[in-house]
Every structure is written in C-alpha cells, then in structure tokens.
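Quick notes on the structure that follows.
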Amino acid sequence: MEHKVNEIQISYREKLGTLKSLSITNSNEVAQLLFNNWDADTIGLHETFMIVLLNRSNKVKGIYPLSHGGITGTLVDMRILFAIVLKTLSVGIILAHNHPSGQLKASEMDKQLTQKIQRAAQLFDVKVLDHIILAPEGSYFSFADNGLM
C-alpha cells in the first residue's frame, strides 16, 4: 500500500528590491510609513495589527496586516506572525496597531503582547525594534521611545 502525503512548497518573491527600499532609523519614519500604508477609512473604525518586516540593514521588506479586530481589540496569532517573519527571512520587525479611540496610552495587554512576541523572537534571533500605536488624527506612541522595549 502506497502512502501519499502533501507536497510542501515555500516561496518568497519581492516585487520591489529591498536594497532600494527605505532604511528605518527612528520611530517618526516608521509612523509616517505606517500612516502612508494604513487604510485611512478604517483607522478610526476598528483595530488592525501589522508587522513591518526588515532586513539586517533595517531596510523595509514589506508590511503585513496580521489581523483586523473590533473597536477595542484584535487578536494576534503568534504562529501566523512568526510564519510570516520566517518565510520572508526577516531579521527585524516592528509591531504596529491602531487605537480607534485616539488614546495613545499602551494598555497592559499591549505591553504583555509585546513582551510575549519579544521572548518568542529571541528563539529565532529576530529583533523586535519597536511597537507603534497609531491614532486616527495622525499622532503615534512608540514603545522604544518611551522605554518599554
């Protein structure tokens, strides 16, 4: 009797060369990049969690929208987050989500999630450089700038 299994194929293609992309040096650059790539029609409607994927030179490989939630929260599946990080061979990431209320204070859940992701990232030698919270009117909060990283 012959046993058949699924063939697994893993691929990653860049539409834009990473070498020509923006190199991130501070939280303001990250926030502007995120605002330029966020859906302006929904930033004040519901929470979305995204990850900015970086190479060794902190050049942006891409931005991945990980989850869309409700008015006061969204779920982050660690397995999907790290599947994306590993599949893109990223060595650095920046976490980002929005607060539709405009409140820029990091919640205790935000802090716990960031720490959980940091611990997991260490296992893969991936650096979590920052966690940015965006408000609909254009302001932001950086965990790194506020000593939370």
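Per the numbering used here, the very first residue in the sequence shown carries number 40; after that it's consecutive.
All residues carry an ideal CB built from backbone N, CA and C; glycine is no exception.
Because the structure is a prediction, the values reported are computed rather than measured.
Just the Cα atoms here: how many angstroms apart are residue i and residue j?
i	j	result
N137	K98	23 Å
L162	G131	13 Å
L187	R52	34 Å
V165	L84	31 Å
A160	I123	12 Å
E41	K155	43 Å
L143	G177	11 Å
L72	I133	12 Å
Note the first and the last residue of the continuous beta strand (DSSP E) segment covering residue i.
i	result
V91	87-93
Helix, strand or coil for residue i, going by three-state DSSP, please let me know.
i	result
F180	strand
V135	Checking the displayed sequence, the identity of residue 135 turns out to be Ala instead of Val. Here A135 sits in strand by DSSP.
K144	coil
K155	helix
Let's see if you can read the secondary structure: which residues bound the alpha helix (DSSP H) around residue i?
i	result
G123	The amino acid at residue 123 is misidentified as Gly; the sequence shows Ile. 117-126 is the extent of the alpha helix (DSSP H) around I123.
S66	66-76
From the DSSP secondary-structure annotation, give me the bridge partner or partners of residue i.
i	result
P104	M89
H170	L134
Determine whether the beta carbon atoms of residue i and residue j lie at a separation below 9 Å.
i	j	result
D149	V69	no
F88	T111	no
P139	P104	no
A145	S66	no
L125	I90	no
L86	G101	With the sequence shown as reference, residue 86 is identified as Glu, and Leu is not the correct amino acid for it. It is not a contact, given that the beta carbons lie outside the stated cut-off.
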